Structure formats: C-alpha cells, structure tokens
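A.B. asks:
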Ligand code: SF4
Ligand code: SF4
Ligand code: SF4
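Numbering (this note's numbering), first residue to last: 24 to 348.
1) Using CA coordinates, which residue listed in 82, 142 and 111 is at the minimum distance from residue 74?
2) So, helix, strand or coil for residue 83, using DSSP?
3) Where does residue 250 fall in DSSP's three states?
4) Are there 16 or more other CB atoms within 10 angstroms of the CB of residue 153, so buried, or fewer, so exposed?
5) Taking all protein chains shown into account, decide if residue 277 is buried (16 or more other Cβ within 10 angstroms of its Cβ) or exposed.
6) Please state the DSSP three-state secondary structure of residue 53.
7) Helix, strand or coil for residue 101, going by three-state DSSP, please let me know.
8) In chain order, what residues of the same chain lie with their CB nearer than 7 angstroms to the CB of residue 83, ignoring the 5 residues before and after it?
9) Return yes when the C-beta of residue 144 is under 7 angstroms from any heavy atom of ligand 3, and no when it is not.
10) List in chain order: all unbroken alpha helix (DSSP H) runs of 4+ residues lying wholly within the stretch 261 to 318.
11) Taking the straight line between their C-alpha atoms, what separation do you get for residue 111 and residue 122?
12) If we call anything under 8 angstroms between Cβ atoms a contact, is residue 95 one with residue 172?
13) Nearest-angstrom Cα distance between residue 61 and residue 155?
14) Report the rounded CA-to-CA distance for residue 194 versus residue 250, giving the unit in angstroms.
15) Would DSSP call residue 5 helix, strand or coil?
16) Does the count of Cβ pairs from the stretch 325 to 335 and the stretch 161 to 179 closer than 8 angstroms reach three?
17) Among 145, 106, 246 and 85, which has the Cα closest to the Cα of residue 124?
18) For residue 334, tell me which candidate among 120, 97, 69 and 177 has the shortest Cα-Cα distance.
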C-alpha cells in the first residue's frame, strides 16, 4: 500500500530530520507565518479502526504524569474575582473530557452508516494547527511552535490568562489554578494558573520515540509522518472506504487529520459537546482574521521579550534555591 509510514519505519529514524525540536526562531518573525509546512509532522487518525479501549488515554496520562500540575493550596484570592479558580486536582481521574490532567479522551458517536446504527469512538486532543492561534496570540510568549509543527505551552512561563483557550477553535487548553509563575510575581492579579494540553510528546519525538498514545494503541489507529504524505494517505484511505477527511483545511489546516466512514457533520451532531469536549464543526481560519493578524504582529516582539524576562527570572530563582540548599 503506497508509501505507508508505520511505527516501525518511524522508529528506524526516517523522520529524525523532520522531528527536530528547535523552537521557532526570533521574536517578530513568527507573527505571520509558521514553520515550513513541509517540515511539519502530522498524524492520521483512522476513526474506523478505533475500538475505544482507552489504552491511548492511559498511556498519555502515565507518560506525561510528571508534566501534570501540582498546585499549592489554599489558592491566593484573585482581584478582580472574575479570574475564576479552576481546580482539577481533586478530579484527576476525570477521563470523559479534556482537563489539565487529561490531555486525550475518547469521544462517542452513535451514527447511521448504510442504514445501520454504528458506534464510533474517536480519540480527541490538541489538533496541532499548522498556524496555531494559541501560539500567535499568547501575549506572554508562553506558547511555542516547534519546527516540526508541535505546539506547546511552557508551564514555566504561562500565567494562565486563558487567551489560548479563547482563540482556539476547539477550546483545547485547560487551566489549573495554584501552579506556576503567577504565584511568585502577581498572586492576586495575574491569570490564575497555567494552561495545559497535549504537547504531542515533543520530548519523546526529540528522542526518535513515538508519542505514547500512538505506541500504546493495539489497533494502529494513528500514523505519523510528514504532513504532505499524511494528507495523501488520508485521501487515499477516504477513497478506499468512501469516507471523509477532517483537519486538512480546518482553522487553516491542522497537523491532526481524521478519516471517518461517515460525514463529520453526522459525527458532530452525535457527540456530546461542551467545555473540554471539542466539536467537529468546520472551523474557519482564525489567523486569517485581520484583527488577529494585526494583534499577532504587535504581540510577537513583546511576547518574545516577556518570555525572555520570565525565563531569566525562573533561572535566577532556581539558582537562588540551589545556593540555599
Ligand atoms: S488505544 Fe487505539 S483503539 Fe484504543 S481507544 Fe485509543 S485510539 Fe482507539
Ligand atoms: S487546536 Fe487549539 S490548542 Fe491546539 S494548536 Fe490549534 S489552536 Fe492551539
Ligand atoms: S501525543 Fe502525547 S501528550 Fe498528546 S495525547 Fe498523545 S500521549 Fe498525550
């Protein structure tokens, strides 16, 4: 079957070059265009193969446990009080939606196919947009996109202001209060925590390992590879099963491409939606919006400076702590 990118060929290092994780450059240069699309890695999710076993969810949780928040309580009182507390620390087992502790969940859709009711199970997480508004519009430079297309929120820089959530078409990033830099610098006034989401196991990819959810899946539901190859494969699979593709153009294009045996409008009608439960609507390109584009141009250099200042602050704090010990 054509040029299939299996987990074996990935592990052989064929994609090592594309998988470099150098951060995307100089502040100011990132405002208008993302990294070269040809270097971006995408994943293909074949919905028809998923059996809903949840192995991927468990693997994500276990592998990324060290990255999950460990909040200090009681939380400082916030002014204005509209900066609400968001606390998932006593609900870490919730697995039917995205939370700061659950970066991947399985969505269920009862749909009709060829006159028969079928149940689809669909892994959902960050789409890793080609030109991600969460990165371009973060005023503090806390969100970054790597050359390989992965977007990541740096927990040492994020203040939890939720801008990334507001500009994400799927409301992916989730906030935890009582953790992060705001506790040191503006405990009563800043964003009230840190935002968390799938970072597509950027550290594993840097070591030529597969993301944990892909490695754990017993059905090989996900395939990873250069975006253009993944798009070609998605269309060939869709043709084979008379199916449908989602993610190629949504929000200007994403690095997560779903192929489904039924139209996505049917899936969207059937899934439970709400906070932490992304939909499957057609998502317009948020970075094509003139206001967002203008904001990105202004934000980029300021965010670069803010991020550099926060990194320096964190470094100084670490040095101070180690000199006391
Ligand atoms: S491990 Fe694979 S088959 Fe199981 S729920 Fe996740 S994607 Fe579906
Ligand atoms: S899906 Fe949302 S959080 Fe993920 S990269 Fe796109 S804008 Fe950012
Ligand atoms: S890529 Fe990594 S962080 Fe993202 S859902 Fe899969 S296991 Fe979790």
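No residue lacks a Cβ here, since even glycine has one placed at the ideal position from N, Cα and C.
Computed from a predicted structure; not experimentally measured.
C.D. replies: Short version:
1) The residue labelled residue 74 in the question sits at position 51 within the chain shown. Of the listed residues, the one whose Cα sits closest to residue 74 is 142.
2) Sequence index remark: in the chain shown, residue 83 carries index 60 (1-based). Correct three-state label for residue 83: helix.
3) Along the chain shown, read from residue 1 onward, the residue named residue 250 stands at position 227. Residue 250: helix per DSSP, three-state reduction.
4) As a position in the chain shown, residue 153 is number 130, starting the count at 1. Result: buried.
5) As a first step, residue 277 is located in the chain shown; it is residue number 254 there, counting from the start. Buried, by the Cβ-count rule.
6) In the chain shown, counting from the first residue as 1, residue 53 sits at position 30. Model confidence at residue 53 stands at a pLDDT of 42, short of 50, so the residue's coordinates are unreliable; what they give is reported in the following sentence. Coil, per DSSP.
7) Here residue 101 refers to the residue found at position 78 of the chain shown. Residue 101 falls in the coil class under three-state DSSP.
8) Sequence index remark: in the chain shown, residue 83 carries index 60 (1-based). So the qualifying residues of the chain are 126, 127, 235 and 236.
9) Within the chain shown, residue 144 is the residue found at index 121, counting from 1. For ligand 3, not one heavy atom lies less than 7 angstroms from the Cβ of residue 144.
10) 287 to 293
11) Start at 1 with the first residue of the chain shown, and residue 111 comes out as number 88. Start at 1 with the first residue of the chain shown, and residue 122 comes out as number 99. The straight-line gap from Cα to Cα measures roughly 7 angstroms.
12) By one-based count along the chain shown, residue 95 stands at place 72. By one-based count along the chain shown, residue 172 stands at place 149. It is not a contact, given that the beta carbons lie outside the stated cut-off.
13) In the chain shown, residue 61 corresponds to position 38, counting from 1. In the chain shown, residue 155 corresponds to position 132, counting from 1. Taking the straight line joining both Cα atoms gives about 16 angstroms.
14) The count along the chain shown starts at 1 and reaches residue 194 at position 171. The count along the chain shown starts at 1 and reaches residue 250 at position 227. The alpha-carbon atoms of residue 194 and residue 250 are separated by roughly 23 angstroms.
15) Here the chain comprises residues numbered 24 to 348, so residue 5 is not present and cannot be evaluated.
16) yes
17) Along the chain shown, read from residue 1 onward, the residue named residue 124 stands at position 101. Residue 85 is the option with its Cα nearest to residue 124.
18) On the chain shown, residue 334 is found 311 positions in, with the first residue counted as 1. With distances taken between Cα atoms, residue 334 lies closest to 177.
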